[in-house]
Amino acid sequence: MLQEKNIMRINQNIFLKIVSFFLFSIFLLVGLFSFRDYGLTIDEEFQRASGFYWLDYVLNFTNFESLKTSVDEIISKPRHFTLPPPEEYNQWGVIFDLPMALIETIFEIEDQKDYYHLRHFFNFILFFCSSIFFFKLLLNRFSNYKLSILGTLFYVLSPRIYGNSFYNNKDLIFLSLLTIALFFCFKLFEKINFKNLLLFSFFAAACTASRVLGIFLLFSFIGFHFLSISLDKVKINKFFPIIICCFFYSIFLIILWPYLWSSPIGNFISAFKFFSNHYLDIKMLYDGDYIKSTNLPYMYILKWIFITTPILYIFLFLFGYLKTISNFFKNIFNMESYNSSVNFWESESEKKDLFILFNLTIILFYLILFKTVLYNGWRHIYFLNVFIIYFSTLGLYNIGLYLNSKFKTNLHYFITIIFLVSVSFKMISYHPFQSLYFNNYLKNITHEKFEIDYWGLSGKKFLNDLIESNKDKASIFVGVASYLPLERSAYLLENKERKIINIVGQNYSEADYIYTNFIYEEGKYKDFKYKIPENFTLIYDFKIDGFKVYEVYKKN
5 MLQEKNIMRI
15 NQNIFLKIVS
25 FFLFSIFLLV
35 GLFSFRDYGL
45 TIDEEFQRAS
55 GFYWLDYVLN
65 FTNFESLKTS
75 VDEIISKPRH
85 FTLPPPEEYN
95 QWGVIFDLPM
105 ALIETIFEIE
115 DQKDYYHLRH
125 FFNFILFFCS
135 SIFFFKLLLN
145 RFSNYKLSIL
155 GTLFYVLSPR
165 IYGNSFYNNK
175 DLIFLSLLTI
185 ALFFCFKLFE
195 KINFKNLLLF
205 SFFAAACTAS
215 RVLGIFLLFS
225 FIGFHFLSIS
235 LDKVKINKFF
245 PIIICCFFYS
255 IFLIILWPYL
265 WSSPIGNFIS
275 AFKFFSNHYL
285 DIKMLYDGDY
295 IKSTNLPYMY
305 ILKWIFITTP
315 ILYIFLFLFG
325 YLKTISNFFK
335 NIFNMESYNS
345 SVNFWESESE
355 KKDLFILFNL
365 TIILFYLILF
375 KTVLYNGWRH
385 IYFLNVFIIY
395 FSTLGLYNIG
405 LYLNSKFKTN
415 LHYFITIIFL
425 VSVSFKMISY
435 HPFQSLYFNN
445 YLKNITHEKF
455 EIDYWGLSGK
465 KFLNDLIESN
475 KDKASIFVGV
485 ASYLPLERSA
495 YLLENKERKI
505 INIVGQNYSE
515 ADYIYTNFIY
525 EEGKYKDFKY
535 KIPENFTLIY
545 DFKIDGFKVY
555 EVYKKN
């Protein structure tokens, strides 16, 4: 009987392995066939230029003269930035941008549309790889293929994260690298060997080279390693792995971040200070009011996460998060007074849960209590999604344990699958604007209460539709009643189509059409340069899920 159960379990795992391979294949194919559908954000031009600035710097240490000449030609071309030029703003990590610049140069990609599509392709590929490592991370923690598949679907079918995975060259790169680093961190918790130390050091350094905040992962690992040592005095001599980890982390960090080459310690401190004190004092539309980025309400982060995350994930997250806190305090209160060791966890699994709990809680408290400057929702902290989805999976796991012990049922799996199917259809209906997703449980989500298309992604659709409806015209003049630069969306048009479009900004007297996506410096009625003239009539408004993304006006 026992042998039959083992055979059934083995066969089930083989089947689930096939299912996981099939789902990953579908995910990859969807990304490969759709990465060209997404618009261009206001940051991508700067990120591309930053990659070339640092590629030019790196080539100074080589003999590749022809390559350097090509890079210099690209750098000398006119640029249009929202931010200062890269040479004045060079503290940003370029772990993604520099390789993209190298590929673009080697393969002589000259068309604007093609090199931005290239970036979108590799942006997605890295996120796809991170989803595989997240699956492995869950399998490492739960040893359950069914649960790991569902948890990975939570990770992939997070609409805002998925949408950003094609074009967000900063926040999603950091999230992807952090996810991979967490997997190797879990491997280290189980077995400390040179291979795991080397891989964790590399990806932890890659996280930091992407965003300086990534250093928290190294410190939290060291902290938990010391706690493990204090729990078992036999391991008191195992300080050597920390030395190895810190050594290779430092080496990899310097290699991956050219900004550190001239002065590793001094420039790292400089970058840390820069990002700690760097902020733009801008106003953002939040819940119907314009608020300063330097004075965010305490609930700003939590509310944005709540209204833009599928509701089941939120429910399961709360269950998993609170259960982990409960286990932590239970272990504290159950410690015997005569026991000199502190048992924060009862197993390696609880240790991993507590590690995720510690990191998420500390980061959230820091962001909220110190009112850290954020812009446009929670995109700068999208990396927290890996922690959120981890606890959502843990919540599903704990609910499953309860239902199986009480009612011998797997009803929770069925309900979860139904919900994931509904989220999938919702994401299809949003395509290619998944990053504008709201969960619709607050019915007052409108463009008059929250910034919707703050990155100008709808510009590409607007221009394509405009050209399609004006095929007989050799030239179209477009006014822009928005803060965002519409001309960048034209980069993704065909070359002959770009010549048709003429962006005239707020010179409405010259415009045939006016486009607005409702993004303003301080509000439509405070800055009259965005007021639509009376001789223009609304001819089209684009809506998703009932809220407006943009409007189009035509001259009478």
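When we follow this note's numbering, the leftmost residue of the sequence shown carries the number 5, and every step to the right adds one. Positions of the beta carbon are idealized from the N, C-alpha and C atoms, including for glycine.
Pick from the options that is closest to residue i, judged by C-alpha positions
{"i": "asparagine 444", "options": "Thr397, Leu470, Ile315", "result": "Ile315"}
{"i": "tyrosine 495", "options": "Lys464, Leu470, Leu181", "result": "Lys464"}
{"i": "phenylalanine 198", "options": "Val508, Tyr253, Lys117, Arg145", "result": "Tyr253"}
{"i": "phenylalanine 319", "options": "Ser280, Tyr394, Thr298", "result": "Tyr394"}
{"i": "valine 75", "options": "Val427, Phe193, Glu114", "result": "Glu114"}
{"i": "isoleucine 360", "options": "Ile30, Ile392, Asn347, Phe333", "result": "Ile392"}
{"i": "serine 428", "options": "Leu27, Val390, Gln16, Asn511", "result": "Leu27"}
{"i": "proline 245", "options": "Ala208, Leu407, Leu71, Ile196", "result": "Ile196"}
{"i": "phenylalanine 272", "options": "Ile422, Ile219, Ile30", "result": "Ile219"}
{"i": "lysine 140", "options": "Glu91, Ser24, Tyr417, His229", "result": "Ser24"}
{"i": "serine 135", "options": "Ser147, Phe158, His121, Lys453", "result": "Phe158"}
{"i": "phenylalanine 228", "options": "Arg123, Lys242, Val216", "result": "Lys242"}
{"i": "valine 216", "options": "Phe333, Ser280, Leu201, Asn17", "result": "Ser280"}
{"i": "asparagine 511", "options": "Cys250, Asn499, Ser486", "result": "Ser486"}
{"i": "methionine 288", "options": "Ile22, Ile30, His451", "result": "His451"}
{"i": "phenylalanine 225", "options": "Thr212, Lys453, Lys475, Phe193", "result": "Phe193"}
{"i": "lysine 355", "options": "Thr376, Arg145, Asn448, Tyr406", "result": "Arg145"}
{"i": "serine 266", "options": "Cys250, Val62, Pro82", "result": "Val62"}
Where residue i falls: helix, strand or coil (DSSP)
{"i": "threonine 212", "result": "helix"}
{"i": "valine 564", "result": "Outside the displayed span of the chain (5 to 560) sits residue 564, for which this structure offers no information."}
{"i": "serine 541", "result": "Note that residue 541 corresponds to threonine in the displayed sequence, not to serine. In the structure shown, threonine 541 sits in a strand (DSSP, three-state: E or B)."}
{"i": "lysine 72", "result": "helix"}
{"i": "leucine 378", "result": "coil"}
{"i": "phenylalanine 65", "result": "coil"}
{"i": "methionine 104", "result": "helix"}
{"i": "methionine 288", "result": "strand"}
{"i": "lysine 242", "result": "coil"}
{"i": "leucine 20", "result": "helix"}
{"i": "glutamate 555", "result": "strand"}
{"i": "tyrosine 294", "result": "strand"}
{"i": "tyrosine 386", "result": "helix"}
{"i": "lysine 453", "result": "coil"}
{"i": "isoleucine 505", "result": "strand"}
{"i": "tyrosine 519", "result": "strand"}
{"i": "isoleucine 422", "result": "helix"}
{"i": "glycine 399", "result": "helix"}
{"i": "glycine 460", "result": "coil"}
{"i": "serine 341", "result": "In this predicted model, serine 341 has a pLDDT of only 45, less than 50, meaning its place in the structure is not dependable; the value taken from the coordinates is given anyway. It is coil, neither helix nor strand."}
{"i": "lysine 412", "result": "coil"}
{"i": "threonine 313", "result": "coil"}
Distance between beta carbons of residue j and residue i, contact taken as under 8 Å
{"i": "isoleucine 255", "j": "leucine 264", "result": "Wrong, their Cβ atoms sit about 11 Å apart, outside the cutoff."}
{"i": "leucine 488", "j": "isoleucine 480", "result": "Not a contact, Cβ separation roughly 19 Å."}
{"i": "glutamate 455", "j": "isoleucine 523", "result": "6 Å"}
{"i": "glycine 167", "j": "phenylalanine 387", "result": "Actually they are not in contact, since the Cβ atoms of glycine 167 and phenylalanine 387 sit about 16 Å apart, beyond 8 Å."}
{"i": "glycine 97", "j": "serine 214", "result": "5 Å"}
{"i": "lysine 477", "j": "isoleucine 504", "result": "7 Å"}
{"i": "alanine 209", "j": "leucine 260", "result": "6 Å"}
{"i": "leucine 203", "j": "phenylalanine 188", "result": "5 Å"}
{"i": "isoleucine 543", "j": "valine 556", "result": "6 Å"}
{"i": "leucine 497", "j": "lysine 117", "result": "7 Å"}
Cβ shell of residue i (< 8 Å), same chain only, five flanking positions each side left out
{"i": "histidine 305", "result": "Looking at the sequence shown, residue 305 is not histidine but isoleucine. Correct list, in chain order: Leu368, Leu371, Ile372, Leu378, Trp382, Ile385."}
{"i": "phenylalanine 65", "result": "none"}
{"i": "asparagine 94", "result": "Ser54, Tyr57, Trp58, Tyr263"}
{"i": "glycine 399", "result": "Phe319, Leu320, Phe321, Leu322, Phe323, Gly324, Tyr325, Lys327"}
{"i": "asparagine 408", "result": "Asn414"}
Cβ-based neighbour list, residue i, same chain, cut-off 7 Å, excluding 5 preceding and 5 following
{"i": "aspartate 101", "result": "Gln51, Arg52, Ser54, Gly55, Asn173"}
{"i": "phenylalanine 310", "result": "Ile318"}
{"i": "glutamate 501", "result": "Ile471"}
{"i": "alanine 515", "result": "Phe481, Val482, Gly483, Val508, Lys559"}
{"i": "asparagine 389", "result": "Ser162, Ile165, Leu179"}
{"i": "threonine 541", "result": "Tyr557, Lys558, Asn560"}
{"i": "phenylalanine 126", "result": "Met104"}
Contacting residues, own chain, Cβ-Cβ under 6 Å from residue i (five flanking each side not counted)
{"i": "glycine 155", "result": "Leu142, Thr397"}
{"i": "threonine 45", "result": "Tyr171, Trp459"}
{"i": "leucine 461", "result": "Gly43"}
{"i": "phenylalanine 546", "result": "Val553, Tyr554"}
{"i": "arginine 40", "result": "His121"}
Residue i beta carbon near the ligand HEM (any heavy atom closer than 7 Å)
{"i": "proline 537", "result": "Here there are no bound small molecules, and the ligand HEM is not part of this structure."}
Three or more C-beta pairs below 8 Å linking the stretch 103–113 and the stretch 145–152: They do not touch, by the three-pair rule.
Three CB pairs or more closer than 8 Å across the stretch 353–368 and the stretch 285–295: no
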